[in-house]
Every structure is written in C-alpha cells, then in structure tokens.
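Participant:
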Amino acid sequence: MKKLVRIATDHPRAVILIILILTVVFGFFATRVTMTTDLKEFFPQDDHRVITYEQVEVDFGAAEYIMLALEAEDLFHPATIRSIDLITRDLEEIEGVATVRSLTSVDEIKGTEWGLEISPLVSELPTTPEAGEDLREKVLADELYSGAIVSKDTKVGLIIIEVQPDADSVALAGLITQRIKDYSIPERLYLTGTPVLNNLLASSMQKDLKKLFPVVLFIIALILFLHFRDFKGVALPFATVFISLIWTLGLMGLLGKKLSPLNAVMPIILVSLGNAYGIYLLNRFGEELSRGKKRREAVVSALIAVGPAIIMAGATTVAGFASNLFSDITLMREFGLFTSFGVAIAFAVSLTFIPAVLSLFPARPPAHAKKTREGKTLQLLAGWINHKPRSIVVVSLLLLLTTALGLPRLRTDSNFFNFFPEDSQPKIAYNLVKEKFTGSESVEIVVEGDLQDPKLLTAMKGFQEELKATGIIGEPTSLVNILERTNQAMHEGNPDYKTVPDDEALIAQYLLLVEMSDDTYLSKFVTPDYRQARIQALVKDTSSSGTARLLAAIEELKEKHFSSDEVRVTETGIIVLIDALAEMIIQGQINGLIFALIAVLLILLLLLRSWQGSILSVILIGFVTIINFGVMGWLGIPLDIVTVLISSIGVGVGIDYSIHIYSRYLEGKRKGLDVKEAITVAVTGTGKSIASNAVAVISGFIVLVFSTFPPFRYFGILVSLIMFFAAAGALLFIPAVTVWQASWQRSNRKIKLEV
Amino acid sequence: MKKLLIFVAIIAMIAVPRVYAVPVSGEAVLDKMDATMKAERKYMEEEMVLVTASGAERSRAVAVWNKNVGEEEMMLVRFLGPANVKGTGFLMKNDEMWLYLPALGKVKRIAGSAKQGSFMGSDLSYEDMEALGSAGFSATHQVKAFKETKSEGTAVYQLDLVPLDPESSYSKLEILVHQELYLPLQIIYHGRDGLAMKKLTTFEHQQVDGRWVAGRLQMEDLKKGSKTVLKVNKVDFNPAVDDSVFSTRYLERGI
Chain H
2 MKKLVRIATD HPRAVILIIL ILTVVFGFFA TRVTMTTDLK EFFPQDDHRV ITYEQVEVDF
62 GAAEYIMLAL EAEDLFHPAT IRSIDLITRD LEEIEGVATV RSLTSVDEIK GTEWGLEISP
122 LVSELPTTPE AGEDLREKVL ADELYSGAIV SKDTKVGLII IEVQPDADSV ALAGLITQRI
182 KDYSIPERLY LTGTPVLNNL LASSMQKDLK KLFPVVLFII ALILFLHFRD FKGVALPFAT
242 VFISLIWTLG LMGLLGKKLS PLNAVMPIIL VSLGNAYGIY LLNRFGEELS RGKKRREAVV
302 SALIAVGPAI IMAGATTVAG FASNLFSDIT LMREFGLFTS FGVAIAFAVS LTFIPAVLSL
362 FPARPPAHAK KTREGKTLQL LAGWINHKPR SIVVVSLLLL LTTALGLPRL RTDSNFFNFF
422 PEDSQPKIAY NLVKEKFTGS ESVEIVVEGD LQDPKLLTAM KGFQEELKAT GIIGEPTSLV
482 NILERTNQAM HEGNPDYKTV PDDEALIAQY LLLVEMSDDT YLSKFVTPDY RQARIQALVK
542 DTSSSGTARL LAAIEELKEK HFSSDEVRVT ETGIIVLIDA LAEMIIQGQI NGLIFALIAV
602 LLILLLLLRS WQGSILSVIL IGFVTIINFG VMGWLGIPLD IVTVLISSIG VGVGIDYSIH
662 IYSRYLEGKR KGLDVKEAIT VAVTGTGKSI ASNAVAVISG FIVLVFSTFP PFRYFGILVS
722 LIMFFAAAGA LLFIPAVTVW QASWQRSNRK IKLEV
Chain A
-11 MKKLLIFVAI IAMIAVPRVY AVPVSGEAVL DKMDATMKAE RKYMEEEMVL VTASGAERSR
49 AVAVWNKNVG EEEMMLVRFL GPANVKGTGF LMKNDEMWLY LPALGKVKRI AGSAKQGSFM
109 GSDLSYEDME ALGSAGFSAT HQVKAFKETK SEGTAVYQLD LVPLDPESSY SKLEILVHQE
169 LYLPLQIIYH GRDGLAMKKL TTFEHQQVDG RWVAGRLQME DLKKGSKTVL KVNKVDFNPA
229 VDDSVFSTRY LERGI
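The listed protein sequences derive, respectively, from chains H and A. Sequential numbering of the first sequence, starting at 2, is according to the working numbering. Sequential numbering of the second sequence, starting at -11, is according to the working numbering.
#1: Select from the region 478 to 509 of chain H all residues with a C-beta closer than 7 angstroms to any C-beta belonging to chain A, and list them in chain order.
#2: Three Cβ pairs or more, each shorter than 8 angstroms: is that satisfied between the region 52 to 61 of chain H and the region 120 to 133 of chain H?
#3: Do the region 349 to 364 of chain H and the region 235 to 247 of chain H touch if we need at least three Cβ pairs shorter than 8 angstroms?
#4: What residue ranges within the region 475 to 539 of chain H form continuous beta strand (DSSP E) runs of no fewer than 3 residues, ordered along the chain?
#5: So is Val165 of chain A buried or exposed if we call it buried at 16+ other beta carbons inside 10 Å?
#6: Are any of the Cβ atoms in chain H nearer than 9 angstroms to that of Gly69 of chain A?
#7: Give a yes or no on whether the C-beta atoms belonging to Thr155 of chain H and Leu141 of chain H are separated by under 9 angstroms.
#8: Using only the alpha-carbon positions, how far apart do Met179 of chain A and Ala554 of chain H sit?
#9: Could you check whether the Cβ of Lys219 of chain A sits closer than 9 angstroms to any Cβ belonging to chain H?
#10: Which residues does DSSP list as the beta-bridge partners of Ile163 of chain A?
#11: Which residues in the same chain as Val4 of chain A place their Cβ atom closer than 6 angstroms to its Cβ, once the five residues preceding and following it in sequence are excluded?
#12: In the DSSP assignment, find the unbroken beta strand (DSSP E) run with Ile161 of chain H in it and report its ends.
#13: Taking all protein chains shown into account, decide if Lys182 of chain H is buried (16 or more other Cβ within 10 angstroms of its Cβ) or exposed.
#14: Where does the unbroken beta strand (DSSP E) through Phe191 of chain A begin, and where does it stop?
#15: Output, in sequence order along the chain, the residues in the region 90 to 114 of chain A whose CB is closer than 9 angstroms to any CB in chain H.
#16: Whose Cβ in chain H lies nearer than 7 angstroms to the Cβ of Val73 of chain A?
#17: Using alpha carbons as the reference points, say which of H:Leu338, H:Gln510, H:Thr573, H:Ser649 lies closest to Phe596 of chain H.
#18: Could you spell out where the alpha helix (DSSP H) holding Arg237 of chain A opens and where it closes?
#19: Given a cut-off of 9 angstroms, decide if Pro711 of chain H and Ile662 of chain H are closer than it, judged by their beta-carbon atoms.
#20: Could you round the C-beta distance between Ile638 of chain H and Glu442 of chain H to whole angstroms and report it? I think they count as a contact, below 8 angstroms.
#21: Run down chain A in chain order and give the residues with a C-beta less than 9 angstroms from the C-beta of Thr528 of chain H.
#22: List in chain order: all unbroken beta strand (DSSP E) runs of 3+ residues lying wholly within the region 337 to 407 of chain H.
#23: With a Cβ-Cβ cutoff of 9 angstroms, do Asn488 of chain H and Pro477 of chain H count as a contact?
#24: Could you tell me how far apart the beta carbons of Leu104 of chain H and Ile82 of chain H are, in whole angstroms, since I believe they sit closer than 8 angstroms?
#25: Answer yes or no: do Ile305 of chain H and Val682 of chain H have a C-beta to C-beta separation smaller than 9 angstroms?
#26: Between Trp115 of chain H and chain A, is the shortest Cβ-Cβ distance under 9 angstroms, so that the two count as touching?
#27: Anyone know if the C-beta pair for Leu400 of chain H and Ile473 of chain H falls short of 9 angstroms?
#28: Along chain A, which residues have their Cβ under 8 angstroms away from the Cβ of Asp75 of chain H?
#29: Once DSSP output is grouped into helix, strand and coil, what is the label at Ala9 of chain A?
#30: Against Thr521 of chain H, what residues of chain A qualify as contacts under a CB-to-CB distance less than 8 angstroms, listed in chain order?
#31: Assign Asp519 of chain H to one of two classes, buried (16 or more other C-beta atoms within 10 Å of its C-beta) or exposed (fewer than that).
#32: Pick out the complete alpha helix (DSSP H) segments inside the region 109 to 153 of chain H, 4 residues or longer, and give them in chain order.
#33: So that I know if they touch, is there some Cβ in chain A lying closer than 9 angstroms to that of Arg532 of chain H?
#34: Just the C-alpha distance for Ser392 of chain H and Trp741 of chain H, rounded to the nearest angstrom, thanks.
#35: Return helix, strand or coil for Leu64 of chain A, following the three-state DSSP convention.
#36: What residue ranges within the region 243 to 322 of chain H form continuous beta strand (DSSP E) runs of no fewer than 3 residues, ordered along the chain?
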C-alpha cells in the first residue's frame, strides 16, 4: 500500500499524464462503438436454438417478419385494394425484403377445367364494388386468408414482409418505418413485428439515455457539491467516472463489441457507482487536513487509511458484476465483463489519479468538518444501536420475512413487447394485430422424415389440426395444405378430395406437378430432398406464459402424433428464442449469485481478516438480494433481461457499505476502543460517507424512473431500493448485530465465571 | 530512309497478318457452337442431381426427346426414377405445357406462366434448358464482346451475349467456348441487376456420332448456393421417332 501511495504522490505529474494519454487512446476506440438489438446476439453462436433458427432461414427463405396492418372502413373497397397493392409492390422493391405477403400478392392453387394453375389470389384488381364483394366472399370462406391476411370483420388487412436471411432486419425496419410515412393514402397504417420493436427500442433507448444521462450527471454533481462544498469535490470524482467510462467504451470498441439494450445502462451505472471511491478518499483527506496535517501528508494518511477499504469495495463490486460472466446469455456476459472493467478502472483511477491531483494543488480543510445536522443524526443512531441492538435486529428480520413472502410470486419475462407502454405506437399496432388476426409472431415447426410418406403427412395433419384446436395458434400452413389443395384441384374442385392422398406415388407426382407449376411455392414449405418440412403458424399470445403454453402443447402433440424414431420435430421462431432466453436468465442468475457471494466472502476474508465481519457482510447482502426479489414478486415486476442485472449490482455495491463500516470498526478496536465506542466512531465517522454515497447512487439511479421503458424504470426503482437497504443495513443491522453479539458473549463469559 | 520504309513494310507484312489471323467473329463462334450442340431432333437420357446450399440431395432420372424445326419447339420428358415418379410425363409444345401423372391416370395442363420459373425445381430454368438442349443461343442473343483468351491452360473464345428478349431473366451471359471442340466450357449468367447469378460448367467432353458433347453439366446458383448436376448417360442425334411422340395421347401411354 505504501509503495502505491508513494508512486502517486511522488510522481504526480507522470501519473496524471499517463492516465490522460491512455484516456485519449481509449477515447479514439470508444468512437467506434455501435448499438445492436439483434436478439440472436443474446445467444452464444453455437446455441442449438440459434442454429435451428438460422437453418430455417436458410432452408425455407425467411423466419423473420415485419407486419404492416392497414385499417380502413372497408378493406374490399376497390380503392383500398389498390392501396394494398401499391404498398405491396413498393415494399417488394426494397433491398433486404425477401417477399411481401398480402391480399394482392398471395398465390393460390387453382384447379381449372383444363388443369392446374398456381397464380395470384387476386389476379386482377377489382374495379367495381360488385367485384370487391365477390372477392370478399371468396377470401372469408378460405381459412388460409381469413384471419390471416384479412381480419374477419374485413376492416384490417395484414401485409407480411419477410426479411431475407442475410439482411439486417432492424435496419430494414427503420427503413420501412420511414418509407410508409410517404404514402399518401386515406387508410391508417400500423407497423409491428420483432424487427420493428427492436429498431424502435434501439433508437428510443438511445434518445432516452441521452436525455437522462445529463440529468444523472447534474444530480450527482449537485449532491457532491452539497457534501464537499468545493469544486474539487465535484471535479475529481467526476473525472474518475469519465475516465473509467471512456476506457470501458474504448475497450468495447477495441474488441468490436456493441452496446445492447442491456449494457446501455452501463454509463449510468458507472457514473453512479464510480464516484464512490473518490468520495471516501476525499472525505478522509478532509478529515486528515482538519487534524492539521500538511497536504501531501494528508493524502498519504488518507490513502493508507481508506485505501484497503476502497480496494475491497472495488474488488467486491467487480466480483458482483463479474458474476454475469456465468450467464449463458452472450450479451449478459459482455455486460459483466465491461462493467467490471469499468469499475476496476474507476477504483484504480481513484487511488492514483485523485491522490496525484490532490498532492499537486493547494487545499484547505473542509468547512463542514464541524458538527452538522447529519452528524447529529448519526450520533443519535449510534446511541440507539448501542442501547437497543436487539430490537433493530428483530425489526430487520421481520422486514426480511415480509418481503421474502413475495418470492413465490416472482416471474420471468423476456418478451421485448412488454418493454413498451400500452399507449405507445408499437404496442397499439401489436394489440391491433393481436386482436384482429390469428397472431403477429410466428412459430416454425420443422418436421424431419420421409415427407412423401402418406403416414407422416397424415400425422402432420393431425398434429396441425389439434394444435390449432388449442386456440393458441391461427391456421397453420404447411405441405399438408398444399397437397390437400392440389388433390382437390386435380379432382375438379370436389371438396371431398381436400385430403392428403393415401398413395406415396401420387404424393410424389403432385409434388412434381406443383414444382413444375411454380418453383418457389413449394420451397417455403419443404426442402428439395423432401426430408424437412416446415409448419408455420401465427401465435396470438406472445407473453412468456403464452409461449410456455404453446411449447407445452407442441411437446404433448409431438408425442402423440410423431412417435416414430425416424421422425424428428423441432420448433423455433423468435418467440421460442425469447422463451429460451427466460430460461437462461434464471440459470445464469442462480449461478451468478452463488459465484458472487462466494467471491465476495473470499475477498473479505482475505482483506478484512475478520471471520465475523466477512460473514456478517455476506449475510446482509444475501438479505438485500432476497428483499430485492421479494419486492419484485410483491410488485409484480418481472425478472427480465434488464431487471436481472439488479442483484449483481446489489451484491457488488451493497457490500461496500458493510466493508466501510466494519473496516472503521476494526480500526477503532485496534486503537483500543471497546465495542460500543468503536461502533460509535464507525457509525458517526464512516456513516457520513455511506449516507452521502448512498444518496448519490440512489439519486443517479432514481432518474431512470423518467425513462419511457418500464424495465429501465423498474431498474431505477429497484437499484435505489436495494442501495437504501444495503446502506441502512450497514448503518443499523451490522452494528446492532455486532453490539448484541458482543454483549451476549460478555454475559456468556459472566455466566461461565459465575459457574 | 527508303531502307527503313522497306523494313517497316516487311515487319508489317509479317506482323499484320498475325493480328488478322483470327478469321472468326463472335457471331461465327456462336454459330459454330450452336451447330455443335443443336439438333433438329435429339434424344437424351440424363440424371439430374440437385444439391441444396445445406448439402441435401435429390436425384431424378429422365429421358428427353427434343424437336426443333424452325419456330417450332417441342420437348417430351419421361421420368425414369425415382420409383414414385416413374412414368410421369411432361410435354412442352412451344408455350403450352402438360403433365401426365400415372398415379392419377390423367393428363393435366400447367399454366404457361410457369415457364418463367425453374425447371423441376432445379437450378436450370426452362430458358436455360431450351438454349442448352436444342435451341442454341444465336437466334436469341446478340454478341456484345468477343476475344481470345486462355482458361486454365485451354485456348478459348470469350463471348459476352445479351438476350434479345427483354423479358429474359438475364442481362448478360459470359461464355467461354473451347477453340477446338466449340463447346461452352463455362457460362456466367448475369441477372437483371448486373450481378453474376448463376454459373454453368461443363465436363467430360466426348464424341458421340462424330459430335462433341459434354457428359456432365453443373449449374450453380451463386445467390442461393445450390447446384444442379446433369449427367448425360445417353445422347442420340438421330432418334427414330416421329412427331406423334409430342402429343398428349402419347404422353398418356406412359412407358
């Protein structure tokens, strides 16, 4: 420690220069960082669910869709149909669009008196109301169109834009969002679908953070100023935070990583947490100055006094964030990596850069070192702890128990749709499509086997029909529907023949016929070797529970219809990926928490060198974690990809308060104070830093309440809440347990003596 | 000075004829290539293997009869395998198409618009099949560029062709023609957007009835990553068949 201290104070200019040069270098790389919302980037590249998903994209053309709903008085008015056609043809021209499915572009298998034709459902746009009526009748009678591309009340039409597998769907969504603004048509347009939501999420999140970040900075600056009442007290912690932020973004740029919805909150985290190390140091520096020490001397003794605690606090925070490295979710791992790096830099800079600057510039003892109101409150608190330790412990445990009862109510939700408020444009569009159509997101079920075998096709038919009967999905489309319609067409349109033929040769020949008639029609539903077929259906309820129901139904019906070993059935689609994400969130959370608690315990044992203090701190942080999840359960806040980060912050940051309190307590004991005296010194001395740090951190995070995204809001509230409990626990619970335990030991000893 | 002029003249006499030693034009090469491949009547047995981008394979064996006289184009395809499509017949008469399904026992017409698409879901379109099989290129394409060059050590003519039909799916064809065999070694088909779209390569060149033919052709779809391999098992340039083969009645007879 002394050597480190000497480097900073003996060569202050060199230290400052090196840090500034590195900051410029990292700053250069920081400019390269871009933003991503691609759901696939949440997964490891070799995850089987991503592989299946990408396979479907390659084998069948597309698996990602942008939905455009068009609302009109009457969809079958010739003018409206013209609008649909206009939009369909315009969107088809855009690069990255594979195909556009709409009323005016879908193909149908037509049996004619002379043969078979695969041609557009609407080959000529109706020009008269009568022709429109004929079309209405035809479309409503067909389950492939009614409720799928035209709502049953014929007021809303759906235009489904299929994205090319190699295209950037989010960028494409942005392009289409702009494009549709230029249409001068009387009908109302609503855009939804995962790529659209992701695009909007990325852009509004950036806007949100740009708006909130300055507010966070201002509030923290204000609190620092109120605390220190001088410029240096604001500037130094701020410089630390900015340096760490630039280095972290620089590292991201250097490694070619992107900002995601997840680590978008990282700047706010670093700004709110990173200033703490500087605060403890500056506080102690002030204390030392007011004891009459010279500038450089004061720096050295402040560093020696609080340095170990800062290192401990920093190391545990790093461990807390590093716990995210245990997640299977790629972006969470990246969040863990970069935030721990940022925190490590923040505390390293606090221990080098701040002392270097302090030893260079003149300083005067802080004006507020005398008795203040907060000082009096802490005095009162210390007295209370020393007199009624037991009641504090009991109240704490009751609080813990009450919140813990909310644990069973905790649920996970990884659905991006829930990131949008009910009255936001994308949510309105999503709800409209959900209400009027059979769904807005697709589930893709891949059946592998001999797809010319009538037995397998019949099984597929049974599977599809029963799955539809559950009401979870709309009309499924697959090879089965194509074969049924071909069979009917080849039998003069006789509805009795709308079946899958029971003859393998006939099936093979029908497939050949369809292939000869239109080569692209079949390729969306079966691979050319007839080994893999896709059943596609739109899903209505895309919530986590809805998806869970869907997957359970698929699993059950799979068992029932495809018992043969030669058949393999797998499901994928964006909603399946989202569901998988939920599962990964929970597993990662459990592993991460266990790691964090063990790591924190080891760091404390190593640096604090006190069994009691280490275990007590870890227990407190365990309590705070339980309170966090319990409150989430009570308030119905789901564990999603943003709120999942809270517990790692809670463990890593919340522990700091315990460390500072206990370090100061041990320092007092070493100086020969008794337990009660040492507790009083710790609570009144360090309590000040803890209180102002907690206020600063909470103020930083509480600003997120003004975010437009519910998960960010929850994040802000919950982090503030656990910071409050962690600080309160460190100021009340830990001292109270310590005092109580000491008096219990004393009375034990007394009893022993008496015996 | 006079000596110099004579020297220049001599040099010119030696050198210039070399430049003009290529007696051929792009059109002449194209005509000669067509003459090698084209026939008024032709019978072929082929195996068509389709390999998708992800490596899945499908194979079909067919017998093909072609007749190409004047404006009239006719093609009859009879499927020989796999077993479940054996006997299926396909007849194309100019723009009209029929299919006979033995399992149904019926002949059905296919809409003419299907001719724009690919042939039997392969990487070859009807347009490609026609040009390569019997109709040739010269009647439907214009030569835009021509030069002599080498391709993998073989002397070739390089031709750039532009389709005359504005409805064609291609904007340009880049052909490498073998200088002695007058067979195309490679054709790169450029799409309407000008980008390379498909690539045809020919292999196993051999003489049949005194004419050079490619024993194996491979068409790659450069965008999708799939390819179709055509193995020619039998070629007959003088099949003894009359026109009644190209009728729906013959189609219905099956094999």
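Glycine included, every Cβ here is placed at the ideal spot set by N, Cα and C.
Facilitator: The relevant details are as follows:
#1: Met491, Asp504, Glu505, Ala506, Leu507, Ala509
#2: no
#3: yes
#4: none
#5: On the second sequence, residue 165 of chain A is found 177 positions in, with the first residue counted as 1. Its Cβ being crowded by 16 or more others within 10 Å, Val165 of chain A is buried.
#6: Numbered from 1 along the second sequence, position 81 holds the residue referred to as residue 69 of chain A. Not closer than 9 angstroms to any Cβ of chain H, the Cβ of Gly69 of chain A fails to qualify, so no.
#7: Numbered from its first residue, the first sequence carries residue 155 of chain H at position 154. Numbered from its first residue, the first sequence carries residue 141 of chain H at position 140. The answer is yes: Cβ separation under 9 angstroms.
#8: Within the second sequence, numbered from 1, the residue matching residue 179 of chain A stands at position 191. Within the first sequence, numbered from 1, the residue matching residue 554 of chain H stands at position 553. Note that residue 179 of chain A is Gly in the sequence shown, not Met. Spanning the two alpha carbons is a distance of roughly 45 angstroms.
#9: Position 231 of the second sequence, counted from the start, is the residue given in the question as residue 219 of chain A. No, no contact with chain H.
#10: In the second sequence, residue 163 of chain A corresponds to position 175, counting from 1. Ile163 of chain A is bridged to A:Leu147, A:Ile175.
#11: Here residue 4 of chain A corresponds to residue number 16 of the second sequence, with the count starting at 1. With a pLDDT of only 46 at Val4 of chain A, under the threshold of 50, the placement of this residue in the model should not be trusted; the figure read from the coordinates follows. Answer for Val4 of chain A: no residue qualifies.
#12: As a position in the first sequence, residue 161 of chain H is number 160, starting the count at 1. Residues 157 to 164.
#13: In the first sequence, residue 182 of chain H corresponds to position 181, counting from 1. Classification of Lys182 of chain H: exposed, given that the 10 Å Cβ count is below 16.
#14: To locate residue 191 of chain A, count along the second sequence from 1; it is residue 203. From DSSP, the beta strand (DSSP E) with Phe191 of chain A extends over 184 to 196.
#15: Pro90, Ala91, Leu92, Lys94, Val95, Lys96, Arg97, Ile98, Ala99, Ser101, Ala102, Gly105, Ser106, Phe107, Met108, Gly109, Ser110, Ser113
#16: Position 85 of the second sequence holds residue 73 of chain A. Residues of chain H passing the Cβ test: Ala509, Gln510, Leu513.
#17: Within the first sequence, the letter at position 595 stands for residue 596 of chain H. Per the Cα distances, H:Ser649.
#18: The residue labelled residue 237 of chain A in the question sits at position 249 within the second sequence. Looking at the DSSP string, the run of the alpha helix (DSSP H) that includes Arg237 of chain A is 236 to 240.
#19: Within the first sequence, numbered from 1, the residue matching residue 662 of chain H stands at position 661. Within the first sequence, numbered from 1, the residue matching residue 711 of chain H stands at position 710. Taking 9 angstroms as the Cβ cut-off, Ile662 of chain H and Pro711 of chain H do not qualify as a contacting pair.
#20: For the purposes of this step, residue 638 of chain H is taken as the residue at position 637 of the first sequence. For the purposes of this step, residue 442 of chain H is taken as the residue at position 441 of the first sequence. Not quite, the Cβ-Cβ distance comes to about 24 angstroms (not below 8 angstroms), so this is no contact.
#21: Working through the first sequence from its first residue, we reach residue 528 of chain H at position 527. Within chain A, the residues near Thr528 of chain H are Thr40, Ser42, Ala44, Arg46.
#22: none
#23: Start at 1 with the first residue of the first sequence, and residue 488 of chain H comes out as number 487. Start at 1 with the first residue of the first sequence, and residue 477 of chain H comes out as number 476. No, they are not a contact pair.
#24: In the first sequence, residue 104 of chain H corresponds to position 103, counting from 1. In the first sequence, residue 82 of chain H corresponds to position 81, counting from 1. With a Cβ gap of about 7 angstroms, Leu104 of chain H and Ile82 of chain H count as contacting.
#25: Here residue 305 of chain H refers to the residue found at position 304 of the first sequence. Here residue 682 of chain H refers to the residue found at position 681 of the first sequence. Not in contact: Ile305 of chain H and Val682 of chain H (Cβ atoms no closer than 9 angstroms).
#26: Within the first sequence, the letter at position 114 stands for residue 115 of chain H. It does; some Cβ of chain A falls within 9 angstroms.
#27: Here residue 400 of chain H corresponds to residue number 399 of the first sequence, with the count starting at 1. Here residue 473 of chain H corresponds to residue number 472 of the first sequence, with the count starting at 1. Taking 9 angstroms as the Cβ cut-off, Leu400 of chain H and Ile473 of chain H do not qualify as a contacting pair.
#28: Position 74 of the first sequence, counted from the first residue, corresponds to residue 75 of chain H. Neighbours of Asp75 of chain H on chain A: none; closest Cβ ~31 angstroms, over 8 angstroms.
#29: Along the second sequence, one-based indexing puts residue 9 of chain A at 21. Bear in mind that a pLDDT of 44 at Ala9 of chain A, under 50, signals an unreliable position, so the number given afterwards is only what the model happens to contain. In this structure, Ala9 of chain A counts as coil in the three-state DSSP scheme.
#30: Start at 1 with the first residue of the first sequence, and residue 521 of chain H comes out as number 520. Per Cβ cutoff of 8 angstroms: Gly105.
#31: Translated into positions along the first sequence, residue 519 of chain H becomes position 518. Asp519 of chain H should be labelled buried.
#32: 130 to 142
#33: On the first sequence, position 531 is the one that residue 532 of chain H refers to. Chain A, which has a Cβ nearer than 9 angstroms to the Cβ of Arg532 of chain H, makes this yes.
#34: The residue you call residue 392 of chain H lines up with position 391 of the first sequence. The residue you call residue 741 of chain H lines up with position 740 of the first sequence. In a straight line, the C-alpha of Ser392 of chain H is about 10 angstroms away from that of Trp741 of chain H.
#35: As a working note, residue 64 of chain A is residue 76 in the second sequence. Leu64 of chain A: strand per DSSP, three-state reduction.
#36: none
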